[in-house]
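Enquirer:
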């Protein structure tokens with residue numbers, strides 16, 4: 009069949025119109041999708057804005073409360089010193105008034121007796137001797153300078169960080185078999201004999217490569233601060249890691265590249281951090297307690313020496329996914345014992361009873 013030139017042009021024109029229509033429809037699809045998705049996206053965005061607003065308000069409320077408390081403490085100290093100064097000034101005023109009254113009486117008596125004849129005056133020599141023996145109390149010198157220094161904060165960084173303090177507990181289901189977690193989930197220590205898995209126990213979350221236990225809390229936003237009592241241990245690791253880190257199989261160096269941001273001690277005096285390779289961190293005073301501050305959105309993990317209240321080191325990066333606190337206690341013994349790491353939720357806790365109870369329980373199970 010012979011096709012004319014006109015038919016070819018008609019066919020080409022029709023094809024052009026079809027493709028043009030498809031292109032137009034293709035361009036409209038995203039617009040329609042965006043229009044349809046808008047009712048879903050808008051509430052989600054508003055919820056996130058509201059959540060961030062609440063977070064900001066909560067954190068600043070904590071800071072305001074802290075600053076108000078510090079203000080009241082300083083004002084109370086100042087008021088107390090004011091009362092002490094006023095009391096001393098009042099004591100001086102009373103002493104001066106008494107001295108003045110005594111002098112007026114003596115002068116009046118001497119003036120009265122000076123009017124009598126000389127023969128009679130010789131008989132009142134006792135009054136003159138009395139005048140010589142009178143000792144006037146010299147008033148205390150009250151300094152005009154305040155004895156205390158009232159510095160406006162610039163407040164102790166550790167005090168500021170406590171506004172972000174969170175209560176971290178240990179997750180026993182993640183603990184390496186050689187670690188013993190206390191019943192209150194606030195302490196962990198190393199033991200030479202590995203714990204045998206119990207029948208039916210889920211070990212999928214447990215570390216078997218690294219001698220580590222994780223905190224129960226998952227951090228995906230905000231700022232968080234906690235403290236760990238490290239005592240006089242010869243070695244330990246503390247810090248933050250991704251929840252998704254490798255827990256089994258091949259050993260990998262614990263670094264930000266593998267999802268760990270940590271500070272560690274070796275040989276009793278070597279404090280280190282790591283980015284691409286381990287780096288010694290100078291320490292002016294050996295810490296017995298370490299503070300860890302996580303700013304998720306800011307991409308920072310900071311370590312503080314709570315003992316002398318100084319900053320140690322800050323990692324800077326970008327976080328994704330849940331982060332969790334991690335702990336690795338000393339495996340070296342001192343006087344036949346390994347030292348635990350103890351999480352401090354507030355005032356220092358005495359965990360000795362907890363450990364004794366835990367030791368009895370595990371001994372009964374034939375673990376230790």
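Numbering (the working numbering), first residue to last: 9 to 376. Note that the Cβ used here is the ideal one computed from N, Cα and C, for glycine as well. Model, not experiment: these values are computed from the prediction.
(1) What residue ranges within the region 235 to 261 form continuous beta strand (DSSP E) runs of no fewer than 3 residues, ordered along the chain?
(2) Contact check, residue 242 vs residue 310 under 8 Å by CB: the rounded distance?
(3) If the criterion is Cβ atoms closer than 8 Å, does the pair residue 391 and residue 182 meet it?
(4) Using 8 Å for Cβ pairs, my map puts residue 235 next to residue 352. What's the rounded Cβ distance?
(5) Residues in its own chain within less than 8 Å of residue 329 by CB, not counting five upstream and five downstream?
(6) Determine the closest residue to residue 301 out of 246, 106, 284, with distance taken between C-alpha atoms.
(7) For a test of the three-state rule: what should DSSP assign to residue 352, helix, strand or coil?
(8) Measure the C-alpha to C-alpha separation of residue 88 and residue 168 and round it to an integer number of angstroms.
(9) Go ahead and pull the three-state DSSP assignment for residue 265.
(10) Determine which residues share a DSSP beta bridge with residue 300 and list them.
(11) Give the straight-line distance between the Cα atoms of residue 217 and residue 164, rounded to the nearest whole angstrom.
(12) Could you check what DSSP says for residue 274 in three-state terms: helix, strand or coil?
(13) To the nearest angstrom, how far is it from the Cα of residue 297 to the Cα of residue 289?
(14) Going by alpha carbons, who is nearest to residue 313 out of 307, 321, 306?
(15) Could you name the residues of the same chain whose beta carbon sits closer than 6 Å to that of residue 336, not counting the 5 residues immediately before and after it, in chain order?
(16) So what does DSSP say about residue 328, is it helix, strand or coil?
(17) Can you list, in chain order, the residues of its chain whose CB lies under 8 Å from that of residue 174, leaving out five sequence neighbours each side?
(18) What residues in its chain sit with their C-beta under 6 Å from that of residue 347, if we drop five residues either side in the sequence?
(19) What residue range is occupied by the uninterrupted alpha helix (DSSP H) comprising residue 169?
(20) Could you please give the first and the last residue of the uninterrupted beta strand (DSSP E) stretch that includes residue 197?
(21) Out of curiosity, what's the CA-to-CA distance linking residue 72 and residue 64?
(22) Could you please give the first and the last residue of the uninterrupted beta strand (DSSP E) stretch that includes residue 182?
(23) Out of 324, 118, 291, state which residue places its alpha-carbon closest to the alpha-carbon of residue 315.
(24) Could you tell me which residues DSSP puts in a beta bridge with residue 74?
(25) Which same chain residues, not among the five before or five after residue 7, have their C-beta less than 6 Å away from its C-beta?
(26) If the criterion is Cβ atoms closer than 8 Å, does the pair residue 223 and residue 192 meet it?
(27) Would you mind working out which of 82, 194, 55, 111 sits nearest residue 333, comparing C-alpha positions?
(28) If you check the beta carbons only, do residue 272 and residue 248 fall under 8 Å apart?
Expert: So, from the data block:
(1) Fully enclosed beta strand (DSSP E) runs of 3 or longer: 244 to 250.
(2) In the chain shown, residue 242 corresponds to position 234, counting from 1. In the chain shown, residue 310 corresponds to position 302, counting from 1. Actually they are not in contact, since the Cβ atoms of residue 242 and residue 310 sit about 24 Å apart, beyond 8 Å.
(3) Because the chain spans 9 through 376 in this model, residue 391 falls outside it and cannot be assessed.
(4) Translated into positions along the chain shown, residue 235 becomes position 227. Translated into positions along the chain shown, residue 352 becomes position 344. For a cut-off of 8 Å, the C-beta gap from residue 235 to residue 352 is around 4 Å, short enough to register as a contact.
(5) Start at 1 with the first residue of the chain shown, and residue 329 comes out as number 321. The beta carbon of residue 329 lies closer than 8 Å to those of 228, 250, 251, 252 in the same chain, with the five residues before and after it left out.
(6) To locate residue 301, count along the chain shown from 1; it is residue 293. Ranked by Cα distance from residue 301, the options 246, 106, 284 are led by 246.
(7) As a working note, residue 352 is residue 344 in the chain shown. Here residue 352 sits in strand by DSSP.
(8) The residue labelled residue 88 in the question sits at position 80 within the chain shown. The residue labelled residue 168 in the question sits at position 160 within the chain shown. One C-alpha to the other measures close to 25 Å.
(9) Position 257 of the chain shown, counting from 1, holds the residue named residue 265. Here residue 265 sits in helix by DSSP.
(10) One-based indexing of the chain shown puts residue 300 at position 292. In the DSSP output, where bridge partners are listed per residue, residue 300 has 234, 311.
(11) The sequence position of residue 217 within the chain shown is 209, counting from 1. The sequence position of residue 164 within the chain shown is 156, counting from 1. Between the alpha carbons of residue 217 and residue 164 lies a distance of about 39 Å.
(12) Here the question's residue 274 lines up with position 266 in the chain shown. In the structure shown, the three-state DSSP call for residue 274 is strand.
(13) As a first step, residue 297 must be located in the chain shown, where it is residue number 289. As a first step, residue 289 must be located in the chain shown, where it is residue number 281. The straight-line gap from Cα to Cα measures roughly 16 Å.
(14) Indexing the chain shown from 1 puts residue 313 at position 305. Each of 307, 321, 306 was checked against the Cα of residue 313, and the nearest Cα belongs to 321.
(15) The sequence position of residue 336 within the chain shown is 328, counting from 1. Here the set comprises 219, 220, 245.
(16) For the purposes of this step, residue 328 is taken as residue 320 along the chain shown, with counting starting at 1. It is coil, neither helix nor strand.
(17) As a working mapping, residue 174 is identified with position 166 in the chain shown. Around residue 174, the same chain offers 225, 232, 233, 234 as residues with beta carbons nearer than 8 Å, after the five sequence neighbours per side are excluded.
(18) Position 339 of the chain shown, counted from the first residue, corresponds to residue 347. Contacts found: 239, 241, 338.
(19) Position 161 of the chain shown holds residue 169. First-last of the alpha helix (DSSP H) with residue 169: 165 to 169.
(20) To locate residue 197, count along the chain shown from 1; it is residue 189. Counted as a single uninterrupted DSSP element, the beta strand (DSSP E) harbouring residue 197 occupies residues 195 to 198.
(21) Along the chain shown, one-based indexing puts residue 72 at 64. Along the chain shown, one-based indexing puts residue 64 at 56. So the alpha carbons of these two residues sit roughly 12 Å apart.
(22) Your numbering for residue 182 matches position 174 in the chain shown. Unbroken run through residue 182: none, as it is neither H nor E.
(23) Taking the first residue of the chain shown as position 1, residue 315 is located at position 307. When only C-alpha atoms are compared, the closest one is 291.
(24) Translated into the one-based positions of the chain shown, residue 74 becomes position 66. The bridge partners DSSP lists for residue 74 come to none.
(25) Residue 7 lies beyond the stretch modelled for the chain, which goes from 9 to 376, so this question has no answer here.
(26) Residue mapping note: residue 223 aligns to position 215 of the chain shown, counting from 1. Residue mapping note: residue 192 aligns to position 184 of the chain shown, counting from 1. For residue 223 and residue 192, no; Cβs fall outside 8 Å.
(27) By 1-based counting over the chain shown, the position of residue 333 is 325. That would be 194, whose Cα lies nearest to the Cα of residue 333.
(28) As a position in the chain shown, residue 272 is number 264, starting the count at 1. As a position in the chain shown, residue 248 is number 240, starting the count at 1. No; because the gap between Cβ atoms is not below 8 Å, this pair is not in contact.
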